[in-house]
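K.L.:
Structure below; questions to follow.
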Amino acid sequence: MDSVKKSSGQDNLAFDSKFSFLLCVEVQMQEQVNYQLETKADKTNQSSCVAEEDRNKPTYCVTDVPPWYLCIFLAVQHYLTAFGGIITIPLILSEGLCLQHDTLTQSLLINTLFFVSGLCTILQVTFGVRLPILQGGTFALVTPAMAVLSLPEWKCPAWTQNASLVNTSSPDFIEEWQSRMRTLQGSIMVASVLQILVGFSGLIGFLMRFIGPLTIAPTVSLIGLALYDSAGVKAGSHWGISAFKTKKRKNSKFYIFQTMPILLGIAVSWLFCYLLTIFDVLPSDSTQYGHLARTDVKSNVVSKAPWFTLPYPGKWGIPTVNLAAVVGILAGIICSMAESVGDYHACARLSGAPPPPKHAISRGIGVEGIGSLLAGAFGTGNGTTSFSENVAALGITRVGSRTVILLSGFLMILMGLVGKIGAIFTTIPTPVIGGMFLIMFGIISAAGISNLQFTDMNSSRNIFVFGFSIFSALVIPNWIMKNPGVLETGVKEVDQVLHVLFTTHMFVGGFLGFFLDNTIPGTKRERGLLTWNMGHPEGSSKALASDKVYSLPFGITSCLQSKSWVRYIPFCPQSDHKSEDDIQSRGTEQMTRV
Numbered sequence: 093m094d095s096v097k098k099s100s101g102q103d104n105l106a107f108d109s110k111f112s113f114l115l116c117v118e119v120q121m122q123e124q125v126n127y128q129l130e131t132k133a134d135k136t137n138q139s140s141c142v143a144e145e146d147r148n149k150p151t152y153c154v155t156d157v158p159p160w161y162l163c164i165f166l167a168v169q170h171y172l173t174a175f176g177g178i179i180t181i182p183l184i185l186s187e188g189l190c191l192q193h194d195t196l197t198q199s200l201l202i203n204t205l206f207f208v209s210g211l212c213t214i215l216q217v218t219f220g221v222r223l224p225i226l227q228g229g230t231f232a233l234v235t236p237a238m239a240v241l242s243l244p245e246w247k248c249p250a251w252t253q254n255a256s257l258v259n260t261s262s263p264d265f266i267e268e269w270q271s272r273m274r275t276l277q278g279s280i281m282v283a284s285v286l287q288i289l290v291g292f293s294g295l296i297g298f299l300m301r302f303i304g305p306l307t308i309a310p311t312v313s314l315i316g317l318a319l320y321d322s323a324g325v326k327a328g329s330h331w332g333i334s335a336f337k338t339k340k341r342k343n344s345k346f347y348i349f350q351t352m353p354i355l356l357g358i359a360v361s362w363l364f365c366y367l368l369t370i371f372d373v374l375p376s377d378s379t380q381y382g383h384l385a386r387t388d389v390k391s392n393v394v395s396k397a398p399w400f401t402l403p404y405p406g407k408w409g410i411p412t413v414n415l416a417a418v419v420g421i422l423a424g425i426i427c428s429m430a431e432s433v434g435d436y437h438a439c440a441r442l443s444g445a446p447p448p449p450k451h452a453i454s455r456g457i458g459v460e461g462i463g464s465l466l467a468g469a470f471g472t473g474n475g476t477t478s479f480s481e482n483v484a485a486l487g488i489t490r491v492g493s494r495t496v497i498l499l500s501g502f503l504m505i506l507m508g509l510v511g512k513i514g515a516i517f518t519t520i521p522t523p524v525i526g527g528m529f530l531i532m533f534g535i536i537s538a539a540g541i542s543n544l545q546f547t548d549m550n551s552s553r554n555i556f557v558f559g560f561s562i563f564s565a566l567v568i569p570n571w572i573m574k575n576p577g578v579l580e581t582g583v584k585e586v587d588q589v590l591h592v593l594f595t596t597h598m599f600v601g602g603f604l605g606f607f608l609d610n611t612i613p614g615t616k617r618e619r620g621l622l623t624w625n626m627g628h629p630e631g632s633s634k635a636l637a638s639d640k641v642y643s644l645p646f647g648i649t650s651c652l653q654s655k656s657w658v659r660y661i662p663f664c665p666q667s668d669h670k671s672e673d674d675i676q677s678r679g680t681e682q683m684t685r686v
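Here our numbering is used: the first residue of the sequence shown is 93, the next is one more, and so on.
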């Protein structure tokens, strides 16, 4: 009996041993299978990352020169992409300048802004940040300019609002709008000096430590939101045509309907208005709804406009300076500078360039200040800044060559010299312009809000800062406009400054966002400053050396680097005695030690 129990116990022990062995083998096999699957997944992810990087790599980088026919085509495309933003600014300013019924002068303002934009683009690409970034008018100066023109002493007389009473060639009417333009000119020129100093002194790097997404988001958003009245008035002339849209289609390998949706929307809506006009569907009576959609309302301006026009400084007279206007425009310039720094990093990433160094950013901001100085002197009623729309076009076309943008600058100068071009743009039917305003101002507002992606929006702190800033910026200017006597101090100049500042939505929202973001405790990661100031990783841009992209042209960098005093000048490229091979070998040694 004992022997039987003993043998059965040995059998159970042998079975348990076999079972344990099989279980161990199975576990080991499962671990090996899992390891192989994980290895395969890692390889798949790595290959997909490489494929994604290759897909995003630009076909032509910053220093490349595409074939001449491709350069011309892409230069025209960049010009047409900037078209909507450039012509919108004079059309908005014309309301505050009492030029609603003087389309010929509006066309001259459009020509002047095209000319100056082309000139500033050439300066920026050649001597500025040296990235393929187009320069054009800035909406950041439109809001303070309109606030200045809304002051009681600058409000347009009632007779200028009536088309039947306006004689555009009379000296009285000319003096009415030119006196306002001269004030804007001088104020923009004085305010642009600050941008020049901040850029070339290198202070922009210090200021960007305190300006983050929670300052930029309400500021940029309110640029678009503050112009709702202008958009509503023009779109309300015929809501059906204003809402007219086109379907995006692909044309060859370039996504034309994606790179130029505003232009194509204008063209199709304009054609639609023309067909409704020739078939007499739209009313010919100026008092009836829909009359402003007719294409023959402003048709005489094209025949009156000269074929050739030459913009020059002081064309509208000697500029004058207004303290309130200078202070208001300074707020817009600060916003424009912060936005441009973000555009430089985005442009470098999309064009296959290394992140812009401090000296290139300082030079870019300084050249933008020179551009605003020129824009004020030539009489555009506006300044210049980097065009975000054209930066986005680089990602679609995958052509980041600065030669293309340089050619676009020359094209804009040429278009600015042809008077008929500006005249044609002023004949766009009013509801089509209203539809363009709805799209552009909506995009600007959304672009401002998109800066919040860098912050932690699960934080109640950030939600409060943004919500309070943007809502207060809508309430305070509206209340002051309804109660203008509340800011009277007895000193006229101080009253004007306070009125301009507190009726400029962008300033109120930006100031509150800046103050709250820098006083309420929060980590840099929570505030979005880490991601905001990090730049971008060097992926495909490793092939381009920083000095090759951002050095000054015509051998200027080589001449300067031989001077010992260059290291004290913030906007000059600094000589780097360490070769790339030394840096790479040192990095390899450090990695080996780790």
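From the three backbone atoms N, C-alpha and C, an ideal C-beta is built for every residue, glycine too.
What residue range does the alpha helix (DSSP H) around CYS190 cover?
P.N.:
One-based indexing of the sequence shown puts residue 190 at position 98. Per DSSP, CYS190 belongs to no alpha helix (DSSP H) and is neither H nor E.
K.L.:
Just how far apart, CA to CA, sit MET281 and GLY468?
P.N.:
In the sequence shown, the residue the question calls residue 281 occupies position 189. In the sequence shown, the residue the question calls residue 468 occupies position 376. Rounded to the nearest angstrom, the two C-alpha atoms are 5 Å apart.
K.L.:
How far does the alpha helix (DSSP H) with ARG441 in it reach, from first residue to last?
P.N.:
Against the sequence shown, residue 441 aligns to sequence position 349. That run of the alpha helix (DSSP H) goes 415-442.
K.L.:
Classify ASP264 as buried or exposed, calling it buried when 16 or more other Cβ atoms lie within 10 Å of its own Cβ.
P.N.:
Along the sequence shown, one-based indexing puts residue 264 at 172. Exposed, because fewer than 16 other Cβ atoms sit within 10 Å of the Cβ of ASP264.
K.L.:
Once DSSP output is grouped into helix, strand and coil, what is the label at TYR152?
P.N.:
If you number the sequence shown from 1, residue 152 lands on position 60. TYR152: strand per DSSP, three-state reduction.
K.L.:
Considering only C-alpha positions, which residue in the set PRO150, ILE497, VAL208, ASN392 is nearest to THR476?
P.N.:
Here residue 476 refers to the residue found at position 384 when the sequence shown is read from its first residue. Out of PRO150, ILE497, VAL208, ASN392, VAL208 has the C-alpha closest to the C-alpha of THR476.
K.L.:
Among ILE410, ALA309, MET504, which one has its Cα closest to the Cα of HIS597?
P.N.:
Translated into positions along the sequence shown, residue 597 becomes position 505. Selected option, being the one with the closest Cα: ALA309.
K.L.:
Within 10 angstroms of its Cβ, does PHE298 collect 16 or more other Cβ (buried), or is it exposed?
P.N.:
Position 206 of the sequence shown, counting from 1, holds the residue named residue 298. When all chains shown are included, PHE298 counts as exposed.
K.L.:
Restricting to Cα atoms, I'd like to know which of LEU243, VAL221, LEU166, GLN198 is closest to LYS584.
P.N.:
In the sequence shown, counting from the first residue as 1, residue 584 sits at position 492. The residue with the shortest Cα to Cα distance from LYS584 is LEU243.
K.L.:
Does the stretch 443-462 come close enough to the stretch 311-320 that 3 or more CB-CB pairs lie under 8 Å?
P.N.:
Touching, no.
K.L.:
Would you mind reading off the limits of the alpha helix (DSSP H) that contains HIS591?
P.N.:
Here residue 591 refers to the residue found at position 499 when the sequence shown is read from its first residue. From DSSP, the alpha helix (DSSP H) with HIS591 extends over 584-594.
K.L.:
Might you give, ordered along the chain, the residues of its own chain that have their beta carbon closer than 6 Å to the beta carbon of ILE214, omitting 5 neighbours on each side?
P.N.:
Mapped onto the sequence shown, residue 214 falls at position 122. Closer than 6 Å at Cβ, skipping near neighbours: GLY501.
K.L.:
If you draw a straight line from the alpha carbon of CYS163 to that of LEU233, how long is it in whole angstroms?
P.N.:
As a first step, residue 163 must be located in the sequence shown, where it is residue number 71. As a first step, residue 233 must be located in the sequence shown, where it is residue number 141. For CYS163 and LEU233, the distance between alpha carbons rounds to 32 Å.
K.L.:
Measuring CA to CA, which of LEU223, LEU191, GLY210 is closest to THR252?
P.N.:
Position 160 of the sequence shown holds residue 252. Considering only alpha carbons, the answer is LEU191.
K.L.:
Buried or exposed: GLU481, going by 16 or more other Cβ atoms within 10 Å of its Cβ?
P.N.:
For the purposes of this step, residue 481 is taken as residue 389 along the sequence shown, with counting starting at 1. Result: buried.
K.L.:
Apart from the five residues just before and just after ALA452, which ones in its own chain have a Cβ nearer than 7 Å to its Cβ?
P.N.:
Translated into positions along the sequence shown, residue 452 becomes position 360. Hits under 7 Å: VAL221, ARG222, TYR642.
K.L.:
Tell me, please, whether the CB atom of GLU431 is closer than 7 Å to any CB atom in chain D?
P.N.:
Included in the structure is just one protein chain, with no chain D present.
K.L.:
Taking all protein chains shown into account, do 16 or more other C-beta atoms lie within 10 angstroms of the C-beta of ASP194, making it buried, or fewer, making it exposed?
P.N.:
Mapped onto the sequence shown, residue 194 falls at position 102. Burial call: buried.
K.L.:
Can you list, in chain order, the residues of its chain whose CB lies under 6 Å from that of LEU185, leaving out five sequence neighbours each side?
P.N.:
Reading the sequence shown from its first residue, position 93 is the one you call residue 185. Taken in chain order, the residues that qualify are GLY473.
K.L.:
Does THR376 come out as helix, strand or coil in the three-state DSSP assignment?
P.N.:
One-based indexing of the sequence shown puts residue 376 at position 284. Note that residue 376 is Ser in the sequence shown here, rather than Thr. Reduced to three states, the DSSP call for SER376 is coil.
K.L.:
Using beta-carbon positions only, say whether LEU189 and TRP269 come within less than 7 Å of one another.
P.N.:
In the sequence shown, counting from the first residue as 1, residue 189 sits at position 97. In the sequence shown, counting from the first residue as 1, residue 269 sits at position 177. The answer is yes: Cβ separation under 7 Å.
K.L.:
From which residue to which residue does the alpha helix (DSSP H) around SER322 run?
P.N.:
The residue you call residue 322 lines up with position 230 of the sequence shown. Segment 320-327, the alpha helix (DSSP H) holding SER322.
K.L.:
Which first and last residues belong to the alpha helix (DSSP H) in which HIS451 is found?
P.N.:
Residue 451 sits at position 359 when you count from the first residue of the sequence shown. First-last of the alpha helix (DSSP H) with HIS451: 450-470.
K.L.:
Whole angstroms are fine: how far does the CA of SER262 sit from the CA of ALA539?
P.N.:
Taking the sequence shown and counting its residues from 1, one reaches residue 539 at position 447. Taking the sequence shown and counting its residues from 1, one reaches residue 262 at position 170. Each residue's alpha carbon lies about 43 Å from the other.
K.L.:
Measure the Cβ-Cβ separation of PRO224 and ILE497 and say whether it is below 7 Å.
P.N.:
Position 132 of the sequence shown holds residue 224. Position 405 of the sequence shown holds residue 497. In this structure, ILE497 lies closer than 7 Å to PRO224 by Cβ.
K.L.:
For PRO403, collect the residues of the same chain with a Cβ closer than 6 Å to its Cβ; drop the 5 residues on either side in sequence, then sort them by chain order.
P.N.:
Within the sequence shown, the letter at position 311 stands for residue 403. Hits under 6 Å: THR204, PHE207, PHE470.
K.L.:
Apart from the five residues on each side of it in sequence, which residues of its chain come closer than 6 Å, Cβ to Cβ, to THR623?
P.N.:
By 1-based counting over the sequence shown, the position of residue 623 is 531. Once the five neighbours on either side are set aside, the close Cβ partners of THR623 are PHE546.
K.L.:
Hey, how far is the Cα of ILE568 from the Cα of TYR320?
P.N.:
As a first step, residue 568 must be located in the sequence shown, where it is residue number 476. As a first step, residue 320 must be located in the sequence shown, where it is residue number 228. If you take the alpha carbons of ILE568 and TYR320, they lie about 16 Å apart.
K.L.:
Which one or two residues does DSSP pair with GLY228 in a beta bridge?
P.N.:
On the sequence shown, position 136 is the one that residue 228 refers to. According to DSSP, which records beta bridges pairwise, GLY228 is partnered with THR477.
K.L.:
Where do the N-terminal and C-terminal ends of the alpha helix (DSSP H) with ALA597 fall, by residue?
P.N.:
The residue you call residue 597 lines up with position 505 of the sequence shown. The amino acid occupying residue 597 in the given sequence is His; Ala does not appear at that position. HIS597 -> alpha helix (DSSP H) spans 597-611.
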